[in-house]
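Student: Sharing a structure below in structure tokens format, with a few things to ask.
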Amino acid sequence: MIGYILFGLVALVAIVSAVGMLLSTNAIHAALFLVINLICIALFYLGLNAPFLAMVQITVYAGAIMVLFLFVIMLLGAEQVTLKSQLKWQAPLAIVLAVVMIAATFLLFFNVQASGGLSPLAPISEDPRQTETFGSPYAVGEVLFGAYLLPFEMTGVLLLVAMIGAIILTRNEAGGMRDEQRAASNE
Amino acid sequence: MIDFLTLTIEAAIKAALMILSLLTGFAYTTLLERRFIARIQQRVGPNRAGPWGLLQPAADGIKVIFKEDIIPNGADKVIFTLAPALTAIPALIILAVVPLGGDVNVFGYRTSLALTSTNVGVLYILAVTSISVYGITLAGWSSANKYAMLGGLRSTAQMISYELAMGLSILAPVMVVGSMSLADIIDAQKNVWLVVYQPIAGLIFIITMYAETNRAPFDLPEAEQELTAGFHTEYSGMKFAAFYMAEYMKMIGVSVIAATLFFGGYRLFGLENLLGGWMGPVILIGKVMLSLLLFVWIRATLPRFRYDRLMDFGWKVLLPIALANAAITAVLVVLDPWWYRLI
Amino acid sequence: MFEQYYPIAVLVLLATVLSIIVVFLSRIMGPRRPTPKKSAPYESGMSPIGPAVRRLPIKFYLVAVLFILFDIEVIFLLPYATLVRELGVYGLIATGIFVFILTIGLVYEWKKGALDWE
Chain H
1 MIGYILFGLV ALVAIVSAVG MLLSTNAIHA ALFLVINLIC IALFYLGLNA PFLAMVQITV
61 YAGAIMVLFL FVIMLLGAEQ VTLKSQLKWQ APLAIVLAVV MIAATFLLFF NVQASGGLSP
121 LAPISEDPRQ TETFGSPYAV GEVLFGAYLL PFEMTGVLLL VAMIGAIILT RNEAGGMRDE
181 QRAASNE
Chain Z
1001 MIDFLTLTIE AAIKAALMIL SLLTGFAYTT LLERRFIARI QQRVGPNRAG PWGLLQPAAD
1061 GIKVIFKEDI IPNGADKVIF TLAPALTAIP ALIILAVVPL GGDVNVFGYR TSLALTSTNV
1121 GVLYILAVTS ISVYGITLAG WSSANKYAML GGLRSTAQMI SYELAMGLSI LAPVMVVGSM
1181 SLADIIDAQK NVWLVVYQPI AGLIFIITMY AETNRAPFDL PEAEQELTAG FHTEYSGMKF
1241 AAFYMAEYMK MIGVSVIAAT LFFGGYRLFG LENLLGGWMG PVILIGKVML SLLLFVWIRA
1301 TLPRFRYDRL MDFGWKVLLP IALANAAITA VLVVLDPWWY RLI
Chain C
2001 MFEQYYPIAV LVLLATVLSI IVVFLSRIMG PRRPTPKKSA PYESGMSPIG PAVRRLPIKF
2061 YLVAVLFILF DIEVIFLLPY ATLVRELGVY GLIATGIFVF ILTIGLVYEW KKGALDWE
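Written out as structure tokens, the structure reads:
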């Protein structure tokens, strides 16, 4: 019972923050609404008995990636967004896609119930897959270094590519400045 | 339902006590800092309010409450008001997963001196640390002031850079113990402190501690000569005090975490079991006070880093050393030589 | 699970309430006499010049990106850290490859001067 109430509260905050993000005209406000939304997702993970994922969600998404978002907004001086949309076709397309996604969610929800599977509304503790160590760092580690070893190593390559990409993107300015300095120090 | 009620009451009492201790700690750390730094500089320090100046924090508090609350032109009012709160909240909640003592009896009710215990304790600390940069970035941005903006950005860049070295230095003791639960980490140090196994990680953690709390010699963001007061240039009254409250509570918080990870936590060779377990928190407070004295001593002794040197130090010195240390630790733990086993 | 994390929620709630009180205390108790000079942004006593929020050095962006990437590395290493003993040499090799790939990135950054702060 308490579980449902808490879930409802968090879901409400998640929805309100998502709508707030969409409606705010100030990019920094929008980013902060997104932070609240990401923290709500972390709380959902916690509700699903996955504390490790919940903490990672906060550290990486709410902590690191959103700081980058804030920096980018400040970097461009793009706090104020003009309400007039530049892309006329964007709004109708977004509405169509949203309807499709909601329909797909409902379809999945009722399919699972009809096929006698575990109802998404059943308390998480009744799920037979739930054990004492489910979602613990050990369990995550065992899966990560067992079945998912190749994706794990691939992630390393992905991170490397991202690193090189970031440097290439910012290099021109940084390199140029260093050359100037070098020239200045040589004189 | 009864269980839920007991749980709520117990949690509320523990949480309130934790917040009260942090507030008291904050108040008296300011006095300790001013008195101790005065001694180092051959001054007397505040000694008029009450015996030995013990009422000075209260006097400061009353003064600050009645100051005018100024919101500068062009500031984003909502975020300008929220930013000090967003800085204070992480400082207040970071100790939630740290055991502050063993089990004790309170009027026949047996309870542990920890708000809660979880198997992802270390990760909780990293998560709260990563959230704590928002208050400072937003304070700088919302002030509509050039000093504040640059100070906030510099602080944020500094905190995230040193967070990496901090995370890697926490990794090493987790490897040695094989658990992310802080209770397990403390239990592993019954006989020998982890700093003996992990001297480099301990040193790196202590260095990053100063950077994360924006304390000297890493107090660049508020380098008076170039950036006035950094991200809190435009703040006044209790909002200004909130930033200081957060800074001092963070100092206490990281000191507790350093003691827990590397210096045995509330344990001291079995002495923690005295007084029915109540000796544990006393020992922890002693360790924290030593750490706070070190904070003040370093502030009084070391000059401030230059910003480019500070970033270089974080990325080119601390990060590679912490990474190498973690790698060597992993190899040592796998090879398991007799001299590297936990006693 | 619930018993473990519910106390944290209580603490967060209390901390939030306290912080909000602290932030509004001076607004309620203190005087409010704004003047144009007092409300102007502080620029060491000079009249403010230009807007406060302007475009920033791209360097901060690079630091934030590199932070995310290494933060993810630390996060990936944490579950390994709890299993170092159990996974043994197999784990050492698996994680070694991962860390090696990222160390290439670190060396590359260093050589390209991305870690220099100008």
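Protein chains in written order, with the numbering used here: chain H, 1 to 187; chain Z, 1001 to 1343; chain C, 2001 to 2118.
Cβ coordinates follow ideal geometry from the N, Cα and C atoms, glycine included.
At 8 Å on the CB atoms, spell out the chain H contacts of Ala2040 of chain C, in chain order.
Tutor: Your numbering for residue 2040 of chain C matches position 40 in the third sequence. Chain H residues near Ala2040 of chain C: none, gap ~20 Å exceeds 8 Å.
Student: By DSSP, does Asp1103 of chain Z sit in helix, in strand, or in coil?
Tutor: Stepping through the second sequence from its first residue, residue 1103 of chain Z is reached at position 103. Asp1103 of chain Z falls in the strand class under three-state DSSP.
Student: Is there a C-beta anywhere in chain Z that falls below 8 Å from the one on Val2010 of chain C?
Tutor: Here residue 2010 of chain C refers to the residue found at position 10 of the third sequence. Taking Cβ atoms only, chain Z reaches closer than 8 Å to Val2010 of chain C, which makes this a yes.
Student: Please return the same chain residues whose Cβ sits closer than 7 Å to the Cβ of Leu1113 of chain Z, not counting the five positions on each side in sequence.
Tutor: If you number the second sequence from 1, residue 1113 of chain Z lands on position 113. Contacts found: Pro1099, Leu1100, Gly1101, Gly1102, Val1104, Gly1280, Pro1281.
Student: Output yes or no for whether 8 Å exceeds the beta carbon distance between Ala2094 of chain C and Val1174 of chain Z.
Tutor: Taking the first residue of the third sequence as position 1, residue 2094 of chain C is located at position 94. Taking the first residue of the second sequence as position 1, residue 1174 of chain Z is located at position 174. No. Outside cutoff.
Student: Find the residues of chain C that neighbour Tyr138 of chain H, judging by a C-beta separation of less than 7 Å, and give them in chain order.
Tutor: Position 138 of the first sequence, counted from the first residue, corresponds to residue 138 of chain H. Result: Thr2082, Leu2083.
Student: Any residues in the region 1003 to 1024 of chain Z with a beta carbon nearer than 9 Å to a beta carbon of chain C? Which ones, in chain order?
Tutor: Result list: Asp1003, Phe1004, Leu1007, Thr1008, Glu1010, Ala1011, Ala1012, Lys1014, Ala1015, Ala1016, Met1018, Ile1019, Leu1023.
Student: Under a Cβ-count criterion, where at least 16 other Cβ atoms within 10 Å of its own Cβ denotes burial, should Phe1240 of chain Z be classed as buried or exposed?
Tutor: Position 240 of the second sequence, counted from the start, is the residue given in the question as residue 1240 of chain Z. Classification of Phe1240 of chain Z: buried, given that the 10 Å Cβ count is 16 or more.
Student: What are the complete alpha helix (DSSP H) segments, minimum 4 residues, inside the region 1234 to 1267 of chain Z?
Tutor: Complete alpha helix (DSSP H) runs here, min 4: 1237 to 1262.
Student: With a threshold of 16 other CB atoms inside 10 Å of the CB of Leu2106 of chain C, please say whether the residue is buried or exposed.
Tutor: Here residue 2106 of chain C corresponds to residue number 106 of the third sequence, with the count starting at 1. Classification of Leu2106 of chain C: buried, given that the 10 Å Cβ count is 16 or more.
Student: By DSSP, does Asn26 of chain H sit in helix, in strand, or in coil?
Tutor: Counting from 1 along the first sequence, the entry for residue 26 of chain H is found at position 26. DSSP places Asn26 of chain H in strand when its eight states are reduced to three.
Student: Using the rule of at least 16 other Cβ atoms within 10 Å of the residue's Cβ for burial, across every protein chain shown, is Met1018 of chain Z buried or exposed?
Tutor: Along the second sequence, one-based indexing puts residue 1018 of chain Z at 18. By the 10 Å Cβ count, Met1018 of chain Z comes out buried.
Student: Here's a check: name, in chain order, each residue in its chain whose Cβ is nearer than 6 Å to the Cβ of Tyr1124 of chain Z, leaving out the five neighbours to either side.
Tutor: Stepping through the second sequence from its first residue, residue 1124 of chain Z is reached at position 124. Closer than 6 Å at Cβ, skipping near neighbours: Val1097.
Student: Throw me the rounded Cβ distance for the Arg1267 of chain Z and Gln1189 of chain Z pair, which I believe falls under 8 Å.
Tutor: Locating residue 1267 of chain Z in the second sequence gives position 267, where the first residue counts as 1. Locating residue 1189 of chain Z in the second sequence gives position 189, where the first residue counts as 1. Yes, Arg1267 of chain Z and Gln1189 of chain Z are in contact; Cβ-Cβ is about 6 Å, under 8 Å.
Student: Are any of the Cβ atoms in chain C nearer than 8 Å to that of Asp44 of chain H?
Tutor: Position 44 of the first sequence, counted from the start, is the residue given in the question as residue 44 of chain H. Note on identity: in this sequence residue 44 of chain H is Phe, with Asp being the wrong assignment. No, its Cβ sits nowhere closer than 8 Å to a Cβ of chain C.
Student: If you measure from the beta carbon of Pro2007 of chain C to each beta carbon in chain H, is any gap under 8 Å?
Tutor: As a position in the third sequence, residue 2007 of chain C is number 7, starting the count at 1. Pro2007 of chain C does not count as touching chain H.
Student: Can you list the residues of chain Z that Ala2015 of chain C reaches, using a CB-CB cut of under 7 Å?
Tutor: Translated into positions along the third sequence, residue 2015 of chain C becomes position 15. Within chain Z, the residues near Ala2015 of chain C are Ile1019, Ile1089, Leu1092, Ile1093.
Student: At least one CB of chain C closer than 8 Å to the CB of Leu1032 of chain Z: is that the case?
Tutor: Residue numbering aside, residue 1032 of chain Z sits at position 32 when the second sequence is read from its first letter. No, because no Cβ of chain C sits closer than 8 Å to the Cβ of Leu1032 of chain Z.
Student: Just verifying my parser: in three-state terms, what is the DSSP assignment at Tyr2042 of chain C?
Tutor: Translated into the one-based positions of the third sequence, residue 2042 of chain C becomes position 42. Correct three-state label for Tyr2042 of chain C: coil.
Student: For the beta strand (DSSP E) that contains Tyr1109 of chain Z, what are its first and last residues?
Tutor: If you number the second sequence from 1, residue 1109 of chain Z lands on position 109. Counting along the chain, the beta strand (DSSP E) containing Tyr1109 of chain Z begins and ends at 1109 to 1112.
Student: Go ahead and label Val1176 of chain Z buried or exposed: buried means 16 or more other beta carbons lie within 10 angstroms of its beta carbon, across all protein chains shown.
Tutor: Counting from one through the second sequence, the residue named residue 1176 of chain Z turns up at place 176. Val1176 of chain Z comes out buried.
Student: Going by C-alpha distance, which of Z:Ala1183, Z:Val1288, Z:Met1166, Z:Val1192 is nearest Trp1339 of chain Z?
Tutor: For this step, residue 1339 of chain Z is matched to residue 339 along the second sequence. Residue Z:Val1192 is the option with its Cα nearest to Trp1339 of chain Z.
Student: Please classify Asp1336 of chain Z as buried or exposed, where buried requires at least 16 other C-beta atoms within 10 Å of its C-beta.
Tutor: Translated into positions along the second sequence, residue 1336 of chain Z becomes position 336. Exposed: under 16 other Cβ atoms inside 10 Å.
Student: Take Ile1204 of chain Z and list the residues in its own chain whose beta-carbon comes closer than 7 Å to its own, dropping the five residues that flank it on each side.
Tutor: Position 204 of the second sequence holds residue 1204 of chain Z. The residues are Ala1165, Ser1169, Leu1318, Ile1321, Ala1322.
Student: Once you ignore the five residues that flank Met177 of chain H on each side, which residues in its own chain have a CB closer than 7 Å to its CB?
Tutor: Your numbering for residue 177 of chain H matches position 177 in the first sequence. Note that Met177 of chain H scores 47 on pLDDT, short of 50, meaning its location in the model is unreliable and no value can be drawn from it.
Student: Within 10 angstroms of the Cβ of Glu2003 of chain C, are there 16 or more other Cβ atoms? Answer buried if so, exposed if not.
Tutor: Translated into positions along the third sequence, residue 2003 of chain C becomes position 3. Under this definition Glu2003 of chain C is an exposed residue.
Student: So, is the C-beta of Phe106 of chain H closer than 8 Å to a C-beta in chain Z?
Tutor: Here residue 106 of chain H is taken as the residue at index 106 of the first sequence, counted from 1. For Phe106 of chain H, the answer is no, since every Cβ of chain Z falls outside 8 Å of its Cβ.
Student: Using a cut-off of 9 Å between C-beta atoms, extract the partners of Leu1123 of chain Z located in chain C.
Tutor: Numbered from its first residue, the second sequence carries residue 1123 of chain Z at position 123. Here the neighbours are Ile2075, Leu2078.
Student: If the cut is a Cβ gap below 8 Å, which residues of chain Z does Gly2113 of chain C touch?
Tutor: Stepping through the third sequence from its first residue, residue 2113 of chain C is reached at position 113. Within 8 Å Cβ-Cβ: nothing; Gly2113 of chain C doesn't reach chain Z, min ~11 Å.
Student: Which residue wins for smallest C-alpha separation from Gly1167 of chain Z, given the options Z:Ile1207, Z:Met1149, Z:Val1288?
Tutor: By 1-based counting over the second sequence, the position of residue 1167 of chain Z is 167. Checked all of Z:Ile1207, Z:Met1149, Z:Val1288; the closest Cα to Gly1167 of chain Z is Z:Ile1207.
Student: Tell me, please, whether the CB atom of Val67 of chain H is closer than 8 Å to any CB atom in chain Z?
Tutor: Here residue 67 of chain H refers to the residue found at position 67 of the first sequence. Yes, because at least one Cβ of chain Z sits closer than 8 Å to the Cβ of Val67 of chain H.
Student: First and last residue of the alpha helix (DSSP H) that includes Tyr1197 of chain Z?
Tutor: Reading the second sequence from its first residue, position 197 is the one you call residue 1197 of chain Z. Its alpha helix (DSSP H) spans residues 1194 to 1197.
Student: Pick out whichever of Z:Arg1043, Z:Val1044, Z:Ile1186, Z:Leu1055 has its Cα sitting closest to the Cα of Tyr1028 of chain Z.
Tutor: By one-based count along the second sequence, residue 1028 of chain Z stands at place 28. Selected option, being the one with the closest Cα: Z:Leu1055.
Student: Could one say the Cβ of Ile2028 of chain C lies closer than 8 Å to chain H's Cβ atoms, at least one of them?
Tutor: On the third sequence, residue 2028 of chain C is found 28 positions in, with the first residue counted as 1. Cβ-Cβ to chain H under 8 Å: no for Ile2028 of chain C.
Student: Determine the direct distance from the alpha carbon of Ile102 of chain H to that of Val19 of chain H, and round the result to whole angstroms.
Tutor: For the purposes of this step, residue 19 of chain H is taken as residue 19 along the first sequence, with counting starting at 1. For the purposes of this step, residue 102 of chain H is taken as residue 102 along the first sequence, with counting starting at 1. Distance between the alpha carbons of Val19 of chain H and Ile102 of chain H is about 16 Å.
Student: Report the residues of the region 2100 to 2112 of chain C with a CB closer than 7 Å to any CB of chain H, ordered along the chain.
Tutor: Answer in chain order: Ile2101, Leu2102, Ile2104, Gly2105, Tyr2108, Glu2109, Lys2112.
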